[in-house]
Amino acid sequence: MSKSVLYSSSPLLASKTPVWRSKLIVAGIALAFAGLAGRAAYVQVFGNDFFQRQGQVRFARTLELPANRGRILDRNGILLASSVPAPSIWAIPEDVDATKAQLAELAKLLEMAPADLNKKLADEDKTFVWIKRQVDEPIAQKIHALGIKGIYQRKEYKRQYPEGETAAHVVGFTNVEDHGQEGIELAFDKDLGGKPGSRRVIKDRLGRVVEDVGEQVPPQDGKDIQLSLDSKVQFFAYQKLRDAVIERKAKAGSVVVLDSITGEVLALANYPSYVPNKRQNLTGEQLRNRALTDTFEPGSTMKPITVAMALEAGRIKPQTLIETGPGRFSIGGFTISDTHNYGTLTVEGVIQKSSNVGALKIAQKMSPHEMWDTYTALGYGQKPQIQFPGAVTGRLRPWKNWRPVEQATMAYGYGLSASLFQMAHSYTSFAHDGQIIPATMLKSSEPAVGIKVFSAENAHAVRKMLQMAAAPGGTGQLAQTIGYSVGGKSGTAHKQVGKGYASNKYRAWFTGMAPIEKPRIIVAVMIDEPSDGKYYGGLAAAPVFSEVVQQTLRMMGVQPDMSVKPQIVTNPVEESF
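The opening position of the sequence shown corresponds to residue 14 in the working numbering, with each subsequent residue numbered one higher.
Next comes the structure, spelled out in structure tokens:
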């Protein structure tokens with residue numbers, strides 16, 4: 014039997030504890046609880062806003078809900094650009110848990126080298142890394158089926174362009190963030206882009222959504238944009254332009270088709286072009302919208318304008334005789350020549366034969382101020398008022414600075430510069446009974462209201478001269494087409510190199526309209542540096558004009574106004590330049 018312990022006999026237990034010690038311990042415990050209560054009160058009441066903000070900064074996120082970008086349609090509702098789902102693949106490197114086989118399959122699906130994929134996933138300190146932006150939906154589904162931990166997807170859209178290189182310079186393209194970079198995509202980026210929505214969520218430390226906070230704001234999809242462009246006319250114009258550039262061994266080319274009643278742009282094509290969805294090796298030569306951005310001296314296509322302004326001023330009549338012999342004229346130390354000595358020509362003959370001497374003598378009947386006013390009214394020296402980025406102004410010097418030789422050269426298109434689009438637009442003054450009408454890239458069914466530059470009588474007189482220029486004996490005979498009467502003016506100019514002109518580099522163009530009595534369309538064609546020996550506008554550009562006019566009028570349902578075939582001679586008249 015064990016002995017009982019006598020606590021009273023223990024000297025340690027028998028000693029008295031001071032009262033203050035127990036009170037100190039109790040006070041310390043009470044103070045600790047008071048401190049905790051005070052801290053709790055500060056966190057929950059007095060400093061609550063601060064800690065709420067800190068929590069939100071660390072765990073609350075606002076996720077953007079992307080809006081579906083609006084479509085771009087042609088005048089008949091055919092798709093030129095649309096958005097399709099294209100998830101983007103991203104990862105949290107430190108969370109990725111996959112076998113070598115899974116990573117190899119992932120790299121294969123993303124068309125990446127395994128080494129490149131491993132490099133993206135190598136930094137475990139990163140909490141976010143893009144693997145690949147905007148993959149096709151079927152590929153995204155296969156990636157999801159792999160079930161790799163740490164690999165995620167984000168809903169995004171990418172643009173598709175069904176017409177490809179045919180309409181690339183008009184439609185343009187967007188970047189990976191779905192913002193317009195060129196063409197209509199850029200010009201109407203705000204309307205097309207819509208307004209993204211938002212979703213407020215709480216995420217855990219691994220970036221996973223664990224709770225929705227607040228109301229979700231739905232995205233507002235972008236608006237559709239319907240262009241004036243006719244995709245069939247655009248395709249045909251591009252095809253014929255491309256064939257001509259290749260056949261003429263040229264550097265590039267452009268074509269513009271305008272509706273002469275509404276001012277709508279039915280086609281605007283350039284070659285070389287590019288595929289909007291494949292821009293890996295895109296060059297400036299392919300990207301440039303030459304019809305709007307490249308300026309050059311218009312050459313002989315300005316002669317009808319010179320005649321029109323002189324008719325309007327009452328200085329000449331269509332049958333007024335102009336002496337062009339002996340085929341050259343000296344002024345200000347310069348000699349201006351024709352390709353032939355045409356002798357005495359009527360004003361109509363000056364246009365038909367494209368006489369430089371005749372044009373400058375007509376210009377001398379007017380003052381520089383009168384000429385400058387007309388050029389300005391027709392849009393030269395001014396930025397085109399069209400809903401399109403990159404359209405250039407061209408060059409038209411103030412009339413007070415013109416020397417006599419400059420006034421003379423401007424009569425046949427030297428000394429000023431313009432784009433092919435400006436040239437085509439200025440010809441609406443002839444097609445629309447003397448009114449210059451606004452051009453538009455958007456569909457419009459109403460006849461355009463223009464500004465009068467010439468009288469209807471004088472516009473009709475110039476149209477007759479343009480018809481003569483495209484008829485036997487003129488410089489643009491190859492512009493004739495089956496079933497429709499046409500009129501137009503060819504042009505050829507040496508290309509400027511520095512402060513001078515290249516002796517063996519040319520630009521060739523043709524600008525005209527059809528049918529000639531009641532014009533429905535205006536077509537302008539430019540071939541840059543044809544090098545197969547056929548560099549005159551009447552040889553290089555006029556055939557493209559002919560094919561585009563015939564096909565476009567048929568597509569528009571315009572009834573033929575001629576029952577005879579074109580009368581084309583084997584050796585068209587060479588134009589002066």
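Even for Gly, the Cβ is constructed at its ideal location relative to N, Cα and C. Computed from a predicted model, the values in this text were never measured in an experiment.
Residue closest to residue i, alpha-carbon to alpha-carbon, out of the options
| i | options | result |
| --- | --- | --- |
| Y287 | K236, T494 and A180 | A180 |
| M379 | N290, L92, W412 and D243 | W412 |
| D191 | H182, K168, R212 and E178 | K168 |
| N302 | M384, H182 and E260 | H182 |
| G196 | P289, D129, D62 and F443 | P289 |
| G315 | P31, A372 and T308 | The sequence shown places Met at residue 315, not Gly. M315 has its Cα closest to that of A372, out of P31, A372 and T308. |
| I91 | P317, F201, I238 and L122 | I238 |
| A431 | A506, A444 and Q400 | A506 |
| R341 | L409, M481, P331 and N354 | N354 |
| Q398 | H438, R172 and S468 | H438 |
| Q147 | D446, S442, A99 and G297 | A99 |
| K547 | R328, V246, V258 and S241 | V258 |
| G235 | W385, A114, V246 and G207 | G207 |
| Y170 | Q115, S101 and Y388 | S101 |
| K291 | R172, M436 and P543 | R172 |
| S457 | H445, E542, V320 and G276 | G276 |
| V189 | T112, L93 and Q293 | Q293 |
| Q229 | P151, K155 and R212 | R212 |
| L254 | V268, T453 and K245 | V268 |
| A265 | I540, L552, L205 and T453 | I540 |
| P381 | D351, A323 and S343 | A323 |
| A472 | T488, I449, A461 and M568 | I449 |
Cβ neighbours of residue i in the same chain (closer than 7 Å, five flanking residues each side left out)
| i | result |
| --- | --- |
| M558 | As written in the sequence, residue 558 is Phe, which differs from the Met given in the question. Only A492, G501, F523, G525, V536 and V538 meet the Cβ criterion. |
| K133 | V142 and I144 |
| E178 | S286, Y287 and V288 |
| A515 | H507 and K508 |
Contacting residues, own chain, Cβ-Cβ under 8 Å from residue i (five flanking each side not counted)
| i | result |
| --- | --- |
| P231 | L78 and G210 |
| D110 | I161, K162 and G163 |
| E260 | D545 |
| E118 | L159 |
| K396 | A404, V405 and T406 |
| A494 | Residue 494 is actually Thr in this sequence, not Ala. So the qualifying residues of the chain are A527, S559, E560, V562, Q563 and P579. |
| R416 | G345 |
| A80 | G206, G207, K208, P209, G210, P232, Q233, D234 and G235 |
Those residues which DSSP pairs with residue i across a bridge
| i | result |
| --- | --- |
| I535 | L271 and M526 |
| T348 | S343 |
| N283 | S267 |
| Y170 | P98 |
| V183 | V183 is not bridged to any residue. |
| T357 | E336 |
| M430 | Sequence check: residue 430 is Ser here, not Met. Beta-bridge pairing links S430 to R408. |
| A104 | V142 and I164 |
| D541 | A265 and R520 |
| I238 | I85 |
| K208 | Q233 |
| E277 | T453 |
| V288 | K291 |
Residue range of the unbroken beta strand (DSSP E) whose run includes residue i
| i | result |
| --- | --- |
| S343 | R341 to I344 |
| I144 | V142 to K145 |
Same chain only: Cβ atoms within 6 Å of residue i, ignoring 5 sequence neighbours per side
| i | result |
| --- | --- |
| K36 | none |
| T422 | G428 |
| T337 | Y355, L358, S368, V370 and G371 |
| G496 | P573 and M575 |
| E310 | G426, Y427, S430 and A506 |
| Y251 | T179 and A282 |
Span of the alpha helix (DSSP H), counted from its first residue to its last, around residue i
| i | result |
| --- | --- |
| E198 | G196 to A200 |
| E336 | Looking at the DSSP string, E336 is not in any alpha helix (DSSP H); the run it does join, the beta strand (DSSP E), is L334 to E336. |
| T308 | Here T308 belongs to no alpha helix (DSSP H), and DSSP marks it neither H nor E. |
| D574 | D574 -> no alpha helix (DSSP H), and no H or E assigned at all. |
| S442 | T441 to A444 |
| D129 | P127 to L134 |
| I191 | Note on identity: in this sequence residue 191 is Asp, with Ile being the wrong assignment. Counting along the chain, D191 falls outside any alpha helix (DSSP H), and DSSP gives it neither H nor E. |
| I151 | Contrary to the premise, residue 151 reads as Pro rather than Ile in this sequence. That run of the alpha helix (DSSP H) goes E150 to L159. |
| W33 | V32 to A54 |
| Y251 | S244 to E260 |
| N595 | Any answer about residue 595 is impossible in this case: the structure gives the chain only from 14 up to 590. |
| A120 | K113 to L122 |
| E316 | What sits at residue 316 in the sequence shown is Lys, not Glu. Residues K316 to E325. |
| T422 | P417 to M423 |
| F558 | A555 to M568 |
| E298 | G297 to L300 |
**OP:** Would you list, in sequence order, the uninterrupted beta strand (DSSP E) runs of no fewer than 3 residues that lie entirely inside the stretch 448 to 521?
**Re:** Assignment of beta strand (DSSP E) within the stretch 448 to 521, counting only whole runs of 3 or more residues, yields 500 to 510 in chain order.
Original post:
Which runs of the beta strand (DSSP E) spanning at least 3 residues fall entirely within the stretch 379 to 412, listed in chain order?
Top reply: Entirely contained in the stretch 379 to 412, not one beta strand (DSSP E) run reaches 3 residues.
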